[in-house]
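*Asks:*
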C-alpha cells in the first residue's frame, strides 16, 4: 500500500500545478482570470490530499488501518474486533483477550485471522481438547468446509485428549450431516448424549438425531 503521506502530497501537488498552469495560460492570452465553475472540480483533490497527508502525519492513519475489519460483518462486531485487536496488542500475553479476539473473528467469518489468533493462544496456553477443536473448526471453515491435513490433525489431537469434546464432535456431526452421512452424524451426537455433559442441550441433540434418522428411512 502506498504511503498515505506521499499520496496526499502528490494529490496536493497535482492540484496546485493544474491551477497554476491554467492561470498562466489565461494570463498569457490576456484573459481576465475568472475561476470558472469547473475549476472547483479540483477542490476534492485538495481536500483528499490534505486529509490523507494530515491523517498520516499525525499518526492516525495507522489507527485507521488497525481499525479495518471485514466490512461485510455487523458494525458492532467490527467495533468489538477493533477493540480486542488493540487490547491484545497492548497485552500480547493475555490469553483471555486473545481467546475473545479469536471468537470474535469466528463470529465475523474471518477464519484466516481466527486460525492465526488461535495458534497464538496455543503457544500461550498449551494444548487442550477445546482449543484444538476450535482450531480445527476455524481451519475447516477457512478451507471452505474441506478437511485438509492441518484441520484433520487438530481433530485427532483434540479427540485423543477428550474423545467427547463437544466442539470437535459437533463439528464432525455437522460436516457429516451436511454431506448426507446421516449415520455418522448420529454417531457423533449420540456419543455426546452418552457423555452426560450437563452443559449440552440434550433436547437439541435428540432432535438432531431424530431428524437424521428420518432422512435414513
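Numbering (UniProt numbering), first residue to last: 1 to 217. Note that the Cβ used here is the ideal one computed from N, Cα and C, for glycine as well.
Is it the case that the Cβ atoms of residue 77 and residue 127 are separated by a distance below 8 Å?
*Replies:* Mapped onto the chain shown, residue 77 falls at position 77. Mapped onto the chain shown, residue 127 falls at position 127. No, these two residues do not count as a Cβ contact at 8 Å.
*Asks:* Have a look at 112, 192, 193, 174 and flag the residue whose alpha-carbon is nearest the alpha-carbon of residue 185.
*Replies:* Counting from 1 along the chain shown, the entry for residue 185 is found at position 185. Of the candidates 112, 192, 193, 174, the one whose C-alpha sits nearest the C-alpha of residue 185 is 174.
*Asks:* Keeping to the same chain, check which residues put their C-beta closer than 7 Å to that of residue 205; ignore five residues upstream and five downstream.
*Replies:* As a working mapping, residue 205 is identified with position 205 in the chain shown. Here the set comprises 189, 192, 193.
*Asks:* Give the secondary structure of residue 167 by DSSP, where H, G and I count as helix, E and B as strand, and everything else as coil.
*Replies:* Residue mapping note: residue 167 aligns to position 167 of the chain shown, counting from 1. Reduced to three states, the DSSP call for residue 167 is helix.
*Asks:* What do you reckon, are the CB atoms on residue 114 and residue 91 nearer than 8 Å?
*Replies:* Here residue 114 refers to the residue found at position 114 of the chain shown. Here residue 91 refers to the residue found at position 91 of the chain shown. Cβ distance not < 8 Å, so residue 114 and residue 91 don't count as in contact.
*Asks:* Since residue 147 and residue 132 should fall inside the 8 Å C-beta cutoff, what is the C-beta to C-beta distance between them, to a whole number of angstroms?
*Replies:* Looking up residue 147 in the chain shown gives position 147. Looking up residue 132 in the chain shown gives position 132. About 15 Å separates the two Cβ atoms, so there is no contact after all.
*Asks:* When the Cα atoms are used, what is the spatial distance from residue 62 to residue 168?
*Replies:* Locating residue 62 in the chain shown gives position 62, where the first residue counts as 1. Locating residue 168 in the chain shown gives position 168, where the first residue counts as 1. For residue 62, the predicted model reports a pLDDT of 38, less than 50, meaning its position is unreliable; a value from the coordinates is still stated below. If I take the Cα positions, the gap works out to 38 Å.
*Asks:* Would DSSP call residue 119 helix, strand or coil?
*Replies:* Reading the chain shown from its first residue, position 119 is the one you call residue 119. Helix.
*Asks:* Can you tell me which of the three DSSP states residue 150 falls into?
*Replies:* As a working note, residue 150 is residue 150 in the chain shown. Helix, per DSSP.
*Asks:* Quick check on this structure: which residue in 195, 197, 181, 199 has the alpha carbon closest to the alpha carbon of residue 211?
*Replies:* Taking the chain shown and counting its residues from 1, the one referred to as residue 211 is at position 211. That would be 181, whose Cα lies nearest to the Cα of residue 211.
*Asks:* Between 195, 98, 183, 201, which has its C-alpha nearest residue 214's C-alpha?
*Replies:* Start at 1 with the first residue of the chain shown, and residue 214 comes out as number 214. The option with the nearest alpha carbon to residue 214 is 183.
*Asks:* Assign residue 190 to one of three DSSP states: helix, strand, or coil.
*Replies:* Here residue 190 refers to the residue found at position 190 when the chain shown is read from its first residue. Residue state, collapsed to three classes: helix.
*Asks:* Are residue 158 and residue 176 closer than 8 Å when you measure CB to CB?
*Replies:* On the chain shown, position 158 is the one that residue 158 refers to. On the chain shown, position 176 is the one that residue 176 refers to. Their beta carbons are not under 8 Å apart, which means residue 158 does not touch residue 176 by this criterion.
*Asks:* Restricting to Cα atoms, I'd like to know which of 145, 80, 141 is closest to residue 179.
*Replies:* As a working note, residue 179 is residue 179 in the chain shown. Closest option to residue 179, Cα to Cα, is 145.
*Asks:* If I measure Cβ to Cβ from residue 101 and keep anything under 6 Å in the same chain, skipping five residues before and after, which residues do I get?
*Replies:* Taking the chain shown and counting its residues from 1, the one referred to as residue 101 is at position 101. Excluding sequence neighbours, residue 101 sits near 84, 88, 117.
*Asks:* Just to confirm the assignment, what range does the alpha helix (DSSP H) spanning residue 181 have?
*Replies:* Here the question's residue 181 lines up with position 181 in the chain shown. Where residue 181 is concerned, there is no enclosing alpha helix (DSSP H), given that its DSSP letter is neither H nor E.
*Asks:* Give the DSSP-derived three-state secondary structure of residue 62 in the structure shown.
*Replies:* Counting from one through the chain shown, the residue named residue 62 turns up at place 62. Reliability of the predicted coordinates at residue 62 is poor, the pLDDT of 38 falling under 50, and no value is obtained from them.
*Asks:* Quick one, are the C-beta atoms of residue 136 and residue 171 less than 8 Å apart?
*Replies:* Here the question's residue 136 lines up with position 136 in the chain shown. Here the question's residue 171 lines up with position 171 in the chain shown. Contact: yes.
*Asks:* Once the 5 residues before and after residue 166 are set aside, which same chain residues still bring their CB inside 7 Å of it?
*Replies:* Counting from one through the chain shown, the residue named residue 166 turns up at place 166. 192, 197, 200.
*Asks:* With DSSP run on the structure shown, which of helix, strand or coil describes residue 133?
*Replies:* As a position in the chain shown, residue 133 is number 133, starting the count at 1. In the structure shown, residue 133 sits in a helix (DSSP, three-state: H, G or I).
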